[in-house]
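Student: Below is the structure I would like to discuss, written out as structure tokens.
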Amino acid sequence: KSVWICWNADKPCSAKLVVMQADQVSFQKSIDTAEERQEVLIEGLQPQTWYDYQVQLDGGETQRGRFFTAPTPGQPMLVALWGDSRSNPEVAELIRKSGAALTIHTGDIVRQGGSGPQTWTKEFFDPARDLLRNIVFYAVMGNHEYSGQPASEAQQTFVDQFHQPGNERYYSFDYGDIHFCILDSDLESDTPTKQSGSEPWSVQSPQYLWAKNDLLSSKAKWKIVAFHKPLYCSGHSRSSREMRLTYAPLF
-8 KSVWICWNAD
2 KPCSAKLVVM
12 QADQVSFQKS
22 IDTAEERQEV
32 LIEGLQPQTW
42 YDYQVQLDGG
52 ETQRGRFFTA
62 PTPGQPMLVA
72 LWGDSRSNPE
82 VAELIRKSGA
92 ALTIHTGDIV
102 RQGGSGPQTW
112 TKEFFDPARD
122 LLRNIVFYAV
132 MGNHEYSGQP
142 ASEAQQTFVD
152 QFHQPGNERY
162 YSFDYGDIHF
172 CILDSDLESD
182 TPTKQSGSEP
192 WSVQSPQYLW
202 AKNDLLSSKA
212 KWKIVAFHKP
222 LYCSGHSRSS
232 REMRLTYAPL
242 F
């Protein structure tokens, strides 16, 4: 029943967001503070409904975007999962044409996530702009998102690009009949202190304890867990032994 709409401008500017349903204005908000990145929470939306929106920057207008709210239980839906795109616009265009209302990127969104916002703009937001403004989007951290910075800084750089639930690296949400649980398979700085007596991939780690509680608490018909490194893979050295030993028994 809610969605965050986020955008980046070329320079700090004021903005106005207008959301429409069936050509009738259902929400609008003006942001007088001049900033490059802005985000607005839209609440009270109807399920299984198309909404159009437009962002006006310093009085001008951007292209319109659209999003489809989550279907009611029992209704069919199309979800697109993709990963390792790293600035490949063809993949984003195929998903846009598929008609999916929700997409999850499973990591390695850019080549070197720690290189700064210019890398994200050049390798992801610009190539995928037609998709991103017309779909509900969630992201997973991959090893390339950790590249170029110390782990804690890379995590903050990733979080700064989106607006996602929880701590924005591992989180969950419901969409129709599905409960999605998102994990960080390249987790580094989530390592507990030595005093706690646990290792980053142990069943006592913060992420594991959170995931266990999250999955056991959900009553959804379907549960889908998404993360970057696979538990099993035919490719040499591509699977994660740590993830497999820790999470496979839980799944």
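Going by our numbering, the first residue of the sequence shown is number -8, and it counts up by one from there.
Glycine included, C-beta positions come from ideal geometry on N, C-alpha and C.
Check residue 100 in the structure and name its three-state DSSP category.
Tutor: coil
Student: Rank 144, 142 and 175 by C-alpha distance to the C-alpha of residue 157 and give the top, closest one.
Tutor: 175
Student: For residue 37, does the three-state DSSP call read helix, strand or coil?
Tutor: coil
Student: So if DSSP puts residue -3 in a beta bridge, which residue, or which two residues, is it bridged to?
Tutor: 30
Student: Please classify residue 20 as buried or exposed, where buried requires at least 16 other C-beta atoms within 10 Å of its C-beta.
Tutor: exposed
Student: Touching or not, the segment 3 to 18 and the segment 39 to 46, by the rule of three or more beta carbon pairs under 8 Å?
Tutor: Cβ pair count under 8 Å is three or more, so yes.
Student: Counting pairs of beta carbons, one from the segment 61 to 75 and one from the segment 89 to 96, are three or more of them closer than 8 Å?
Tutor: yes
Student: Note the first and the last residue of the continuous alpha helix (DSSP H) segment covering residue 202.
Tutor: 197 to 208
Student: Are the segment 100 to 108 and the segment 130 to 147 touching, with three or more C-beta to C-beta distances below 8 Å?
Tutor: yes
Student: Do three or more CB pairs link the segment 22 to 37 to the segment 76 to 87 at distances below 8 Å?
Tutor: In short, these stretches do not touch, since the Cβ pair count stays below three.
Student: For the segment 104 to 136, which segments carrying the beta strand (DSSP E) assignment without a break, of at least 3 residues, lie completely within its bounds, in sequence order?
Tutor: 127 to 130
Student: For a test of the three-state rule: what should DSSP assign to residue 17, helix, strand or coil?
Tutor: Three-state DSSP puts residue 17 in a strand.
Student: Please name the residue in 233, 120 and 206 whose C-alpha comes closest to that of residue -2.
Tutor: 120
Student: The beta strand (DSSP E) that contains residue 77, what's its start and end?
Tutor: No beta strand (DSSP E) contains residue 77, which DSSP labels as neither H nor E.
Student: Name the residue from 64, 26, 17 and 7 whose alpha carbon lies nearest to the alpha carbon of residue 52.
Tutor: That would be 7, whose Cα lies nearest to the Cα of residue 52.
Student: Name the residue from 171, 22 and 221 whose alpha carbon lies nearest to the alpha carbon of residue 133.
Tutor: 221
Student: What is the rounded straight-line gap between the Cα of residue 255 and the Cα of residue 172?
Tutor: No information on residue 255 is available, as it lies outside the stretch -8 to 242 that the chain covers here.
Student: Can you find the residues in the same chain that come closer than 6 Å, C-beta to C-beta, to residue 63, ignoring five residues on each side of it along the sequence?
Tutor: 38 and 39
Student: CB residue 117 to CB residue 99, shorter than 8 Å?
Tutor: One thing to note: residue 117 has its Cβ no nearer than 8 Å to the Cβ of residue 99.
Student: Along the chain, where does the beta strand (DSSP E) that runs through residue 164 open and close?
Tutor: For residue 164, the enclosing beta strand (DSSP E) stretches over residues 162 to 166.
Student: Report, in whole angstroms, the separation of the C-beta atoms of residue 213 and residue 169, which I expect to be a contact under 8 Å.
Tutor: 5 Å
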